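These protein sequence lines map, in sequence, to chains A and B. With numbering that gives the first Met the number 0, you'll find the first sequence wraps up at 288, consecutive numbering, no jumps. With numbering that gives the first Met the number 0, you'll find the second sequence wraps up at 568, consecutive numbering, no jumps. Don't be surprised by glycine CBs; every beta carbon is placed ideally from N, CA and C. Computed from a predicted model, the values in this text were never measured in an experiment.
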Amino acid sequence: MELKKAVDVFCSVSASDGLDNVRNLLLPSLERLAGDYCTSLHLVDFTGDDSVTLESTEKVSVIVHHNSHQLGFGAAHNFLFDKVKPSGFFLIINSDISCSENLFSELFKTLDDREDVGIVEGRQLPYEHPKGFNPLTGETNWASGACMLVNPVFFKQVDGFDEDFWMYCEDVDLSWRAWLNGYKVVHSPKAVVYHYTGGFFEYREDRFYLEQFWGGVNYLYLTYKYWGNIHLWKATFVLKRQYLPKKFKDAILAEFISRKKNYKRAKGYRGRLLALRDRIGINGFNSYR
Amino acid sequence: MKRQTEFKIYRLCRDEKTITRFKEEGRKYQLPEQVLITGPDYFTFIEGIIRDCKDDFALLCHDDVVVPLNIAERVAECIEKANQYCGSEKWGMVGNAGVEAISLRTVRFLKDPHTAVVPYRSTPIPVVSVDGNVTLLNIKNLRKNKFELPATVRGFHMYDFISLVECYRKKLLVLADSSLYVYHRSGGVQKGFDEFSSGSNFQEYWTKNFVNHTVHTINGPVKILNPDYGYLKEDSKDHRMDFYSLVKKQILSIEDAKIRPVVNIVTKTNLRNLNMLKRMLQSVKISRKVVESYIDLKVIISINNAGSVDVKKAISEIENAAGSLEIKFIECDNKTPMAPRLYAVKCAVESVKSADNQFIWIIDDDDFVFPKELKTVSKYLDSNTIFIGQSESFDETWSADNTFPDISVGKPGFYNEISYARNYLGDNHVPVCSVIFPAKALEEVFSEHQLLGDYYEDYAMLFLAQIKYNVQYLPILIAGVSHHDKNTVFENDRTHWDYSYTTFLSEITNAGVVNNSSFELNSTLDNYSRNYKSGKFLLGLAFGKTKTLLGLLVRLKIRTLYNTLRSYR
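Right, dumping it as structure tokens:
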């Protein structure tokens, strides 16, 4: 008799409606997944009062890992990785996502037991992520943290997510480090997840959101991390030309400068960076050559 | 019997002379008791009312507001509507004009130097800014919820807006309602408002409490000059709120006194797009779980024109894909002159139980549902109101084997709910999946009118339904529309469309919707059919409507020309 394949699913419940989303969207869809999988859903709870509780279902065991204070996206998943120590590929997924029935089978089919794959990315619908991939090989320059199947050997080798990103762009950084360390990042177009609640249409203009602020700060950090001060001024120039209030741009710059002293440059990658620039287009955001 | 409620009218008068005038008018027209004072600023005035008022309600009026003689009856109606809408414990203020929550568009139920359009609505509207010309204070709730105005802000401006903000902070809704219609003889003092809103008192008050850097008011947007972005930082201890999320939370917290709305998703299909239909059902399955405590979602699949398709096999395949989702199947046998697609809707409508909490949402088999905002929609579903939401279009490529598109590219802004009325001119701004009808509205459309068009049948249904029903349009994304190779949008030969549009125009002309100022609400199918057959519509269209439309176009052209010339000066 063939044993069920065990899959650990990591989900950080950070937003106030995160648990509702897990209860109403993610968990029912994991329950409906086709195939012989033994799924464990690991949630990280930051409330400090153990208030996040969720019952396991018939097919999905739910395990809540408590932490006394709020962690960023990367730190939360590193925390879960240390706690769970997954032996096989594990899935990182947003709480506001509903998986299609064939998600696991398609992700693992794309993986095809290749050890050189670091990350397999699911496909978000109805709003596809605005980036390209090679239609023949599925190779892509980066994978979205909204739904990614991660190789634990690679994850351990690169010390997981860079926690200095705190929020946003850490998935780009992890993907780039996969490529730089000899692993592939592959998009799986048939591994569909429904991300109806994505941020494409719900940002109002009367306030700013974490994504806008940290997207800016981490855009500067990512540039600095891989290309150093020489390119940082270019990134700063691009940021300053964005159609945003000056005070907001100043706040982004101030945040970056205050954190810069703690940032670590990615060293020893220069040769590989140049080689990969032609192959997968690590030359900036959302561009693929 | 006239409804009466104990309340007093409060007016802060500019001088003693005005007080004397009001006393005389009150005696002459037998108005309800008025409390007339002069002296304090508006904030102190409101605090005094909340402290001293012996009634449960107080009506604040500017001293340049002409109160209608039946104001007592209007106030009673207003209270009844507010209570019915959100429960008697949930609201703090009602005005007659403001900025609608969610859409952030201005709503006015008054006559003043800016407007005289007074659309009646059977339900109040939650607002994020209210005009102070007339406001009904729910004294009982304000006291119970410990409503307080900030001591740091005083004067004669923005007392209405700040009162509204403090209501929301105390978990009380603020509404605008047509029952408080008055004639306001002032257009407001914009300069004074601008000075006040950019002054340090208001700016500090706002920045201390909220993160928003733009404030939407009925006098226009107010910019926060020194926004504090502390709320975006890591480990932020900033507990300020997003004001508009606070309002939305309050709207969502309305406990429906009425029964949970049942939204019947009607899908007309010829069973030739089963993979797309499965995608639609998948989206309903997801939505059903997300909104189960707000809306009871049901699915009716109305099969028409199936031709050679093996219906039994197809139904079994759909049922397998639907899993636990219950579906009612209707196989239509059309022996009427109606187009199959329309007949399929008619059959589904007839199968729905006629009740106030029943709604119909027509989702084509290649469309799908967006789940997230349906709970907000549930708060706007009303048996007398047609709800129009937002749809998003996607350019898609499908292969037959998948239940998802191979390629899908969103086209934001392709549809726009605010332009729904332009559908009647042949533009497609609101596809039918953007509309949720009260079931009885469609029932009446089908029983009172004979719809003979085909491709414009959706617009015809909406047009005819809105004659008797309110329309509430909000930019809430509720549906996705697929544009693909089998889609009629891409047909080059538009003969069917043109034919259908002419039929639609003739139908509305003969129904008396366009040319009669008083529309006969009881027009029968016989009358309608007779008019249609007599060719009266052609005469009407040729000599009446064409003339009117040309006149409008000429006026528009002249105005554009005039504006162009002015801009050159």
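What separation, rounded to the nearest whole angstrom, lies between the Cα atoms of residue i and residue j?
i	j	result
residue 243/B	residue 209/B	10 Å
residue 65/A	residue 75/A	10 Å
residue 484/B	residue 84/B	45 Å
residue 7/A	residue 92/A	11 Å
residue 235/B	residue 257/A	15 Å
residue 160/A	residue 352/B	55 Å
residue 75/B	residue 129/A	54 Å
residue 225/B	residue 207/A	14 Å
residue 11/A	residue 18/A	9 Å
residue 514/B	residue 460/B	Note that residue 514/B has pLDDT 46, beneath the 50 cutoff, so the model's placement of it is unreliable and the number below is only indicative. Spanning the two alpha carbons is a distance of roughly 18 Å.
residue 384/B	residue 414/B	21 Å
residue 52/A	residue 292/B	20 Å
residue 374/B	residue 274/A	50 Å
residue 581/B	residue 147/B	Absent from the model: residue 581/B. The displayed extent of chain B is 0 to 568, so no value can be given.
residue 398/B	residue 457/B	28 Å
residue 275/B	residue 365/B	5 Å
residue 396/B	residue 218/B	47 Å
residue 80/B	residue 93/B	10 Å
residue 569/B	residue 262/B	The requested residue 569/B is not part of the displayed model; chain B covers only 0 to 568.
residue 504/B	residue 393/B	30 Å
residue 146/A	residue 69/A	21 Å
residue 179/B	residue 43/A	51 Å
residue 412/B	residue 433/B	14 Å
residue 570/B	residue 156/B	With chain B covering 0 to 568 only, the question about residue 570/B has no answer from this structure.
Exposed or buried, which one is residue i when buried takes at least 16 other CB atoms within 10 Å?
i	result
residue 454/B	buried
residue 322/B	exposed
residue 78/B	buried
residue 236/A	exposed
residue 481/B	buried
residue 280/B	buried
residue 320/B	buried
residue 183/B	buried
residue 50/A	exposed
residue 125/A	buried
Measuring from the CB of residue i, is there a heavy atom of the ligand PLP at a distance below 7 Å?
i	result
residue 45/A	No copy of the ligand PLP occurs in the structure displayed, which carries no ligand at all.
Taking the alpha helix (DSSP H) that residue i falls in, what are its first and last residues?
i	result
residue 439/B	438-447
residue 82/A	72-83
residue 167/B	158-168
residue 237/A	209-239
residue 248/A	245-259
residue 204/B	199-208
By the three-class DSSP mapping on this structure, what secondary structure does residue i have?
i	result
residue 12/B	coil
residue 388/B	strand
residue 409/B	strand
residue 542/B	With a pLDDT of only 43 at residue 542/B, under the threshold of 50, the placement of this residue in the model should not be trusted; the figure read from the coordinates follows. Three-state result, residue 542/B: helix.
residue 217/B	coil
residue 460/B	helix
residue 45/A	coil
residue 74/B	helix
residue 514/B	Caution applies to residue 514/B, whose pLDDT of 46 falls short of 50 and renders its modelled position unreliable; the model cannot decide the point.
residue 487/B	helix
residue 293/B	coil
residue 188/A	strand
For the beta strand (DSSP E) that residue i lies in, which residues bound it at each end?
i	result
residue 275/B	Counting along the chain, residue 275/B falls outside any beta strand (DSSP E), though it belongs to the alpha helix (DSSP H) covering 273-289.
residue 94/B	90-94
residue 474/B	469-482
residue 60/A	59-65
residue 125/B	124-129
residue 102/B	Element bounds for residue 102/B: n/a, residue is neither H nor E.
residue 9/A	4-11
What in chain E is Cβ-close to residue i, meaning under 7 Å?
i	result
residue 23/A	In the structure shown, chain E does not exist; the protein chains are A and B.
### Task
Determine, using beta-carbon pairs with one atom in the stretch 333-343 of chain B and one in the stretch 419-434 of chain B, whether at least three such pairs fall under 8 Å.
no
### Message
Quick test of the definition: if touching needs 3 or more C-beta pairs under 8 Å, does the stretch 133-144 of chain A touch the stretch 218-225 of chain A?
### Response
no
### Task
Answer yes if the stretch 154-174 of chain A comes into contact with the stretch 105-116 of chain A, meaning at least three C-beta pairs across the two stretches below 8 Å, and no otherwise.
no
### Query
Is the stretch 147-156 of chain A touching the stretch 238-257 of chain A in the sense that three or more CB pairs, one from each, lie closer than 8 Å?
no
### Query
Do the stretch 132-143 of chain B and the stretch 47-66 of chain B touch if we need at least three Cβ pairs shorter than 8 Å?
yes
### Task
Tell me, please, whether the stretch 188-207 of chain B touches the stretch 97-114 of chain B by the rule of three or more beta-carbon pairs shorter than 8 Å.
no
### Task
Pair every Cβ in the stretch 163-172 of chain A with every Cβ in the stretch 100-111 of chain A, then say whether three or more of these pairs are closer than 8 Å.
no
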